[in-house]
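**Student:** Heads up, the sequence shown is in our numbering, so the first residue is 1 and it goes up one at a time.
We put the CB at the ideal spot given by N, CA and C, even for glycine.
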Amino acid sequence: MKKRNKRTMIVGDHQISPLTEHILDRMGREGLIIRQRLEQFYQHRSNLNQPLGNNSPNDAAPIEFFDNQSG
Numbered sequence: 001m002k003k004r005n006k007r008t009m010i011v012g013d014h015q016i017s018p019l020t021e022h023i024l025d026r027m028g029r030e031g032l033i034i035r036q037r038l039e040q041f042y043q044h045r046s047n048l049n050q051p052l053g054n055n056s057p058n059d060a061a062p063i064e065f066f067d068n069q070s071g
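Here you go:
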């Protein structure tokens, strides 16, 4: 038996569905807190799913080297 890949990938837009919105509205303050956490989760996951290396070398901050031996 093969091991199952447990890495989860979110596909589609990162919006809360209308049904979930309705349920969270009915929950009051607790629902508001959960909605905020869901939005943060979606934002975090969308940042993780972006490919690396999108920035051009000109966008990178310059690297400074210091010589500790001089004095």
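Tell me the DSSP secondary structure of I98 in three-state form.
**Tutor:** Residue 98 lies beyond the residue range present for the chain, which begins at 1 and ends at 71; the question has no answer from this structure.
**Student:** Please state the DSSP three-state secondary structure of S17.
**Tutor:** If DSSP states are grouped into helix, strand and coil, S17 belongs with coil.
**Student:** Could you give the DSSP three-state label for G31: helix, strand or coil?
**Tutor:** Three-state DSSP puts G31 in a helix.
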